[in-house]
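Before any comments, here is the structure.
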Amino acid sequence: MSDKKSLLDKFSVGQVWTSIFRGGGVPKSRRQRMMVVLNSVFLHLHPVRLPKHAVKLKFTWCMGGLSFFIFLILTISGILLMFYYRPTIEYAYTDMIDLSEQVPFGIMREIHRWGAHAMVITVWLHMFRVFMTGSYKPPREFNWAIGVILLILTLLLSFTGYLLPWDQLAIWAIAVGSNMAGATPLLGAEGPGSALLAIGDINFITKVSDARFGLIGGRFLGEATLLRFYVLHCIGLPFIIMIFMAVHFWRIRKDGGISTPV
Amino acid sequence: MEDFKSLINYISNPTILVTAVIIIFPFVFPPTNWFYKINKRLNIDKLWTGKGLLLMTFVTVAFFIFGLTDYNFRSIVLKPDNVPISGLILLLIFFTWLSMSQAYKNDQLVDQGESVDEYYEAPNDKVLVWPDLVYVELISLILFSAFMLIWSIGLPAPLEQPANPAESPNPAKAPWYFLGLQEMLVYFDPWYAGVVLPTFIIIGLMAIPYIDRDPNGSGYYSYKDRKLSMSLYLFGWLILWNVLIVIGTFLRGPNWGFFGPFEYWDSHRLEALTNINLSELIFVKWLEIGLPQSILLREAPGLLIMFILVAVLPVLLAKTALKKYYNDLGASRYSIFIVLTIFGALLPVKMYLRWLFNLKYLISIPEYFFNF
Numbered sequence: 062m063s064d065k066k067s068l069l070d071k072f073s074v075g076q077v078w079t080s081i082f083r084g085g086g087v088p089k090s091r092r093q094r095m096m097v098v099l100n101s102v103f104l105h106l107h108p109v110r111l112p113k114h115a116v117k118l119k120f121t122w123c124m125g126g127l128s129f130f131i132f133l134i135l136t137i138s139g140i141l142l143m144f145y146y147r148p149t150i151e152y153a154y155t156d157m158i159d160l161s162e163q164v165p166f167g168i169m170r171e172i173h174r175w176g177a178h179a180m181v182i183t184v185w186l187h188m189f190r191v192f193m194t195g196s197y198k199p200p201r202e203f204n205w206a207i208g209v210i211l212l213i214l215t216l217l218l219s220f221t222g223y224l225l226p227w228d229q230l231a232i233w234a235i236a237v238g239s240n241m242a243g244a245t246p247l248l249g250a251e252g253p254g255s256a257l258l259a260i261g262d263i264n265f266i267t268k269v270s271d272a273r274f275g276l277i278g279g280r281f282l283g284e285a286t287l288l289r290f291y292v293l294h295c296i297g298l299p300f301i302i303m304i305f306m307a308v309h310f311w312r313i314r315k316d317g318g319i320s321t322p323v
Numbered sequence: 076m077e078d079f080k081s082l083i084n085y086i087s088n089p090t091i092l093v094t095a096v097i098i099i100f101p102f103v104f105p106p107t108n109w110f111y112k113i114n115k116r117l118n119i120d121k122l123w124t125g126k127g128l129l130l131m132t133f134v135t136v137a138f139f140i141f142g143l144t145d146y147n148f149r150s151i152v153l154k155p156d157n158v159p160i161s162g163l164i165l166l167l168i169f170f171t172w173l174s175m176s177q178a179y180k181n182d183q184l185v186d187q188g189e190s191v192d193e194y195y196e197a198p199n200d201k202v203l204v205w206p207d208l209v210y211v212e213l214i215s216l217i218l219f220s221a222f223m224l225i226w227s228i229g230l231p232a233p234l235e236q237p238a239n240p241a242e243s244p245n246p247a248k249a250p251w252y253f254l255g256l257q258e259m260l261v262y263f264d265p266w267y268a269g270v271v272l273p274t275f276i277i278i279g280l281m282a283i284p285y286i287d288r289d290p291n292g293s294g295y296y297s298y299k300d301r302k303l304s305m306s307l308y309l310f311g312w313l314i315l316w317n318v319l320i321v322i323g324t325f326l327r328g329p330n331w332g333f334f335g336p337f338e339y340w341d342s343h344r345l346e347a348l349t350n351i352n353l354s355e356l357i358f359v360k361w362l363e364i365g366l367p368q369s370i371l372l373r374e375a376p377g378l379l380i381m382f383i384l385v386a387v388l389p390v391l392l393a394k395t396a397l398k399k400y401y402n403d404l405g406a407s408r409y410s411i412f413i414v415l416t417i418f419g420a421l422l423p424v425k426m427y428l429r430w431l432f433n434l435k436y437l438i439s440i441p442e443y444f445f446n447f
C-alpha cells in the first residue's frame with residue numbers, strides 16, 4: 062500500500078465534505094460503508110445489509126425501483142411542462158403546438174408522455190414479479206394491498222394526464238372513460254338503480270348530479286373538465302400517491318425487507 | 076404471401092384466438108397435477124429454457140418484421156401511442172420466461188433435495204447495500220435514462236387535430252391500458268364492464284394474499300407447489316388483461332368491429348346486429364309464446380341462471396370438487412374466492428354465448444338500466 066492519496070481522498074476528509082457526509086473519507090471499511098447508508102436520508106430507505114439474491118436483477122427485475130425513478134422523472138418533466146401549459150380550452154392545444162415547434166430540441170413532452178406509458182408497464186411488471194416470487198404472502202399481505210392502490214393511482218394519473226393536450230385523441234379517450242361513470246350503479250344517471258335514490262318524484266341522481274357530472278364537472282367535456290383533470294393530475298393524485306408510496310416503502314422494511322425463502 | 080396474411084387474419088379473430096389460447100393455456104401453465112404431468116410429458120416446459128426464449132422471441136420479432144412490410148399492419152402498429160404495446164408484448168414474453176425458467180429450476184432443485192437458488196444463510200450470505208445494491212441501482216437508472224432519451228428523441232408524442240366535441244373519431248378508444256375493459260363493453264353493459272368489473276378486479280387483487288395463504292413459495296420463484304394460484308393469476312394477467320388489450324388495440328377498428336392485423340380498416344363495413352336476449356331466445360324463439368308482461372317472469376331464466384351461478388354452484392363445488400379448498404379456507408374466504416372466480420370465468424363464458432347463440436344479455440331489464 063502506498064501512502065499516496067488521491068485528490069478525492071484528500072477532499073473527502075476536508076471540512077466541507079465531512080459537514081455534508083458524516084463520517085468522512087471515501088467509504089472503504091465495512092463500518093464506513095454501513096454508516097453511509099445510515100447517515101443518508103435517501104439511502105436509509107434501504108437496510109444496511111441485504112440477502113444476496115436481493116441485488117440480483119434476475120430476482121428483482123428492478124421494476125419497483127424503476128417505477129419510483131420514473132415517478133421522479135415525471136415529476137420533474139411535469140413541473141417544467143407546467144411553466145408552458147395553460148389548462149384552458151383556448152390555450153391548451155396551442156401550447157402543445159408551441160412546445161413542439163418553438164422549443165429547439167424540445168423533448169420534455171415526449172419524456173413525460175413516454176415516461177407515463179413506461180411507468181404503467183413497470184408497475185405492472187413489478188406486480189408480476191411480486192406475484193411470481195410469492196412475495197405477497199404473510200407478513201406482506203397488507204403491503205400488496207397498498208401496491209394495488211398504487212397501481213390504480215398510477216392508472217388514474219395517466220388517465221387524467223391523457224386529457225391535457227386537448228386534441229381529438231385526448232377528449233375522445235376521456236369521453237369513453239368518463240361515460241362509464243354515468244353508468245355507475247346507483248350513482249350514475251344511466252346506471253342500474255339510479256331511480257332508487259329519490260324522494261317521491263324528485264330524483265337525486267340526474268344528468269346534472271351524477272357520478273359522471275362530478276368527474277367531468279359538467280354535462281359535457283369542457284373547460285371545467287380540463288381544469289378538474291389538470292388539478293387532479295398535477296396536485297391531487299401526486300399528493301395521494303406520495304402518501305401511499307411512503308407507506309409502501311416503509312412497510313417493505315417493517316415487514317422484514319425483501320422477501321426471502323423461509 | 077397473401078394466403079399467409081389471410082390465414083393470420085382468420086386465426087386472429089377473437090373466436091379462434093381466444094379459443095386457442097384457452098385450450099393451450101392450462102398445458103403451458105398447468106393448474107392441476109394432471110395438466111402438470113402432461114406439461115412435463117409433452118416437454119412444454121422446454122419453453123422455459125434458453126432455446127425456448129430464443130424461439131419465442133424469434134417468432135414474435137419475425138412476425139413484427141414481416142408485418143411491417145404490410146401497409147395496414149404498419150399503419151396501426153406504428154401509431155405513436157401503440158408503440159408501447161408492441162414493447163409490452165416483448166417484455167411480457169421475456170419476463171414470463173424469466174420467472175418461469177427460475178421457477179422450474181427451483182422446482183428441480185427442491186425435487187433433488189437441494190435448497191432453492193434464493194436460499195441464503197443469515198447473516199453470512201448478506202451483502203452490503205453500499206456498494207452492492209446502490210451500484211446496481213445506479214446502472215439501472217443510467218441505462219433507463221438513456222433508453223428514455225433515445226425513445227423520446229426518436230418518437231414524437233402524438234398530437235392530433237384540436238379537440239372537437241362535434242366530430243367523434245371512429246373508433247373512439249380509451250387509453251391503451253383500459254382497452255381490455257373496453258373490449259368487455261362488447262359483451263357487457265358499461266355499468267358492469269366499466270364500473271363493477273374493475274371494482275371486482277381491484278378487490279380480487281387485494282384479496283389474493285388473504286385467500287392464498289399457503290406459506291410455500293414465498294420469497295423465491297417456484298411453480299410446482301403453487302400450481303392453482305399461479306395458473307389462475309397468469310390466466311387473469313396474461314389472457315384476460317393483456318391479450319384483450321392487444322385485441323382492443325390492434326384488432327378493433329371502426330364501429331369496434333374486428334379486423335385482422337393485415338386487414339384494411341373499412342368504416343363502411345356492415346355488421347349484422349342479430350344479438351338477442353335470453354328472454355327473447357326462450358319465450359319467442361323456442362316457446363313461441365311471446366314475451367311475458369311481468370318483468371320478473373320475463374327475466375326468470377336469466378335470474379335463475381345467475382342464482383345458480385352465485386348461490387348454488389359455490390355450495391355444490393364446496394361439497395364436491397373444491398371440498399379441500401373449502402376446508403382450508405373457511406366459509407367467508409371460500410365465498411369471496413369462488414364468487415370472484417365465477418365472475419372472472421363469466422367473461423370468457425359470455426364471449427362464447429355471444430359467438431355461439433348471438434346472446435346479448437342473460438338478464439335484460441332496460442326499465443331499470445339493468446342488463447347483464
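As they're listed, the protein sequences go chains H and S. Residues 62 to 323 in my numbering are what the first sequence spells out, letter by letter. Residues 76 to 447 in my numbering are what the second sequence spells out, letter by letter. Even for Gly, the Cβ is constructed at its ideal location relative to N, Cα and C. For clarity, every value in this text was computed on a predicted model and none was experimentally measured.
Just verifying my parser: in three-state terms, what is the DSSP assignment at residue i?
{"i": "S/F358", "result": "helix"}
{"i": "H/R190", "result": "helix"}
{"i": "S/L320", "result": "It should be pointed out that residue 320 of chain S corresponds to Ile in this sequence rather than to Leu. Three-state DSSP puts S/I320 in a helix."}
{"i": "S/V211", "result": "helix"}
{"i": "H/V109", "result": "coil"}
{"i": "S/S342", "result": "coil"}
{"i": "S/R327", "result": "strand"}
{"i": "H/F203", "result": "helix"}
{"i": "H/A244", "result": "coil"}
{"i": "S/I217", "result": "helix"}
{"i": "S/N446", "result": "strand"}
{"i": "H/F166", "result": "coil"}
{"i": "S/P237", "result": "strand"}
To the nearest angstrom, report how far apart residue i and residue j are at their CA atoms.
{"i": "S/I217", "j": "H/I134", "result": "12 Å"}
{"i": "H/I131", "j": "S/M305", "result": "29 Å"}
{"i": "S/L428", "j": "S/D341", "result": "27 Å"}
{"i": "S/Y285", "j": "H/E202", "result": "7 Å"}
{"i": "H/S67", "j": "H/P88", "result": "14 Å"}
{"i": "H/V116", "j": "S/Y210", "result": "10 Å"}
{"i": "H/L214", "j": "H/V164", "result": "31 Å"}
{"i": "H/G318", "j": "S/Q177", "result": "21 Å"}
{"i": "S/I277", "j": "H/S320", "result": "23 Å"}
{"i": "H/G283", "j": "S/G162", "result": "34 Å"}
{"i": "H/E251", "j": "S/G405", "result": "38 Å"}
{"i": "H/H187", "j": "H/Q76", "result": "42 Å"}
Could you please give the first and the last residue of the uninterrupted alpha helix (DSSP H) stretch that includes residue i?
{"i": "S/K302", "result": "K302 to L309"}
{"i": "S/P273", "result": "L272 to I286"}
{"i": "S/P41", "result": "Within the shown structure, residues of chain S are numbered from 76 to 447, placing residue 41 of chain S beyond reach of any answer."}
{"i": "S/L92", "result": "P89 to V103"}
{"i": "H/H309", "result": "L298 to K315"}
{"i": "H/G125", "result": "M124 to Y145"}
{"i": "S/N181", "result": "V158 to D186"}
{"i": "S/K80", "result": "E77 to I86"}
{"i": "H/Y291", "result": "E284 to V292"}
{"i": "S/Q368", "result": "S/Q368 -> no alpha helix (DSSP H), and no H or E assigned at all."}
{"i": "H/L68", "result": "L68 to F72"}
{"i": "H/I277", "result": "A272 to I277"}
Got a sec? Which residues, its chain only, sit under 6 Å from residue i by beta carbon, not counting five neighbours each side?
{"i": "H/W227", "result": "A153 and Y154"}
{"i": "S/L143", "result": "R149"}
{"i": "S/G279", "result": "L415"}
{"i": "S/I357", "result": "P376"}
{"i": "H/L293", "result": "T221"}
{"i": "H/V97", "result": "P88"}
Can you list, in chain order, the residues of its chain with a C-beta nearer than 8 Å to that of residue i? Leave out the 5 residues immediately preceding and following it.
{"i": "H/M306", "result": "F129, F132 and L211"}
{"i": "H/M62", "result": "In this prediction, H/M62 has a pLDDT of 47, which is less than 50 and means its spatial position is unreliable; what the coordinates show is noted afterwards. Cβ within range, chain order: n/a, list empty."}
{"i": "S/I83", "result": "G335, P336 and F337"}
Quick one: what's got a C-beta closer than 7 Å to residue i's C-beta in the same chain, skipping five residues either side?
{"i": "S/D182", "result": "S297, Y298 and K299"}
{"i": "S/N352", "result": "K435, Y436 and S439"}
{"i": "S/V158", "result": "L230"}
{"i": "S/G292", "result": "D300 and R301"}
Residue range of the beta strand (DSSP E) that residue i falls in?
{"i": "S/K201", "result": "K201 to L203"}
With a floor of 4 residues, list each alpha helix (DSSP H) that falls wholly inside the region 373-403 of chain S, ordered by position along the chain.
-> If we require 4 residues or more, the alpha helix (DSSP H) runs fully inside the region 373-403 of chain S come out as 375-382 and 388-394.
Complete runs of the alpha helix (DSSP H) confined to the region 111-153 of chain S [at least 4 residues] = Taking 4 residues as the shortest admissible run, the region 111-153 of chain S contains the following complete alpha helix (DSSP H) segments, listed from N- to C-terminal end: 125-143 and 146-152.
Where in the region 223-268 of chain H do unbroken runs of the alpha helix (DSSP H), each at least 4 residues long, occur, reported from the N-terminal end onward?
-> 229-242
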